[in-house]
Structures are given as structure tokens and as C-alpha cells.
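Residue numbers (my numbering): 1 to 120. Note that the Cβ used here is the ideal one computed from N, Cα and C, for glycine as well. Predicted, not measured: the structure shown is a model, and the values here were computed from it. Below you'll find the structure, written out as C-alpha cells, and then a few comments.
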Amino acid sequence: MVKRNLWKSKIFHRIVAPRLAGQADLDLAAAIVRQSAEEVSRQFPGCEFHVLFWNHDERLAIPLRRKLEEAGIHLHSVEEEIPELLRPRAKYRIKQDGHPTPETNRLLAEYVCREILGEP
């Protein structure tokens with residue numbers, strides 16, 4: 001309800017809406033990741049390039065994920081692979097800025113070691 005009404009606000013459209021990501025931003029993000037993968041491959045032949053992908057905003061995540069998959073990028077959906085992160089948000093995200101907490105980073109590190117590096 002609040003979200004729907006927020007989109008009707010003139011203040012929202014003048015201040016917030018212009019800052020929302022659009023197609024050009026998605027294209028740029030995909031190009032940056034693709035070029036990063038190419039650079040890693042150039043500098044470190046045989047090295048794998050993986051992306052831990054957060055699906056916070058489906059409006060952006062779905063098309064970006066599609067672009068990265070089409071580019072052959074190894075994606076790991078954080079929320080799908082570690083569903084625990086969807087539970088009590090306060091435990092896994094810093095309240096003030098939404099960044100991962102040390103506990104989140106621990107879970108991500110365990111996932112990387114186990115699923116990407118193949119360590120027990």
C-alpha cells in the first residue's frame with residue numbers, strides 16, 4: 001500500500017525516481033562483470049570467475065541475472081544457496097546500511113569453500 005502510494009508522490013518522482021537504476025545501468029553492470037571475468041581469464045589462465053549474486057530487487061536482479069548467465073558467468077544466488085539469510089534480517093544485515101554482518105560473511109565464506117573450492 002505504501003509503495004503504491006509512494007509512486008504517486010511528486011516528491012518521489014523528482015528526488016528518488018531519477019536515481020533508480022534503469023536499462024543503461026543494467027547493461028553497464030553486466031559489461032563491468034563480463035570485462036572483469038575476461039580480465040581474470042587473461043591474467044590468470046585456467047582460473048574460474050564466480051559471482052555471488054544477491055536478489056534484493058527482482059526488478060533489477062532478474063534482467064541482470066539473465067545478462068550474466070548469457071555471458072557465461074558462474075552465478076551463485078546467495079538467497080537460493082543460503083536460504084538462512086532470508087530469515088531474521090537483523091542477524092544478517094547491518095541495520096544502518098543493509099550491508100552483510102560478520103555472520104553473513106561467515107556463511108558466505110563457508111559456502112565458497114564448500115561449493116566453489118570443494119573444501120570440506
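Distance between LEU20 and GLY118, taken at the CA atoms: about 38 Å.
Restricting attention to GLU48, LEU85, GLU115, the CA atom closest to the CA of THR101 is found in LEU85. Among the bridge pairs identified by DSSP, LEU64 is matched with none. According to the DSSP assignment, LEU52 belongs to the beta strand (DSSP E) that extends over 50 to 53. Between LEU68 and VAL51, the C-beta gap is smaller than 8 Å, which places the two residues in contact. By the 16-neighbour rule on beta-carbons within 10 angstroms, ALA90 is exposed.
The straight-line gap separating the alpha-carbon atoms of TYR111 and GLN23 is approximately 31 Å.
Beta-bridge partners assigned by DSSP to SER36: none are found.
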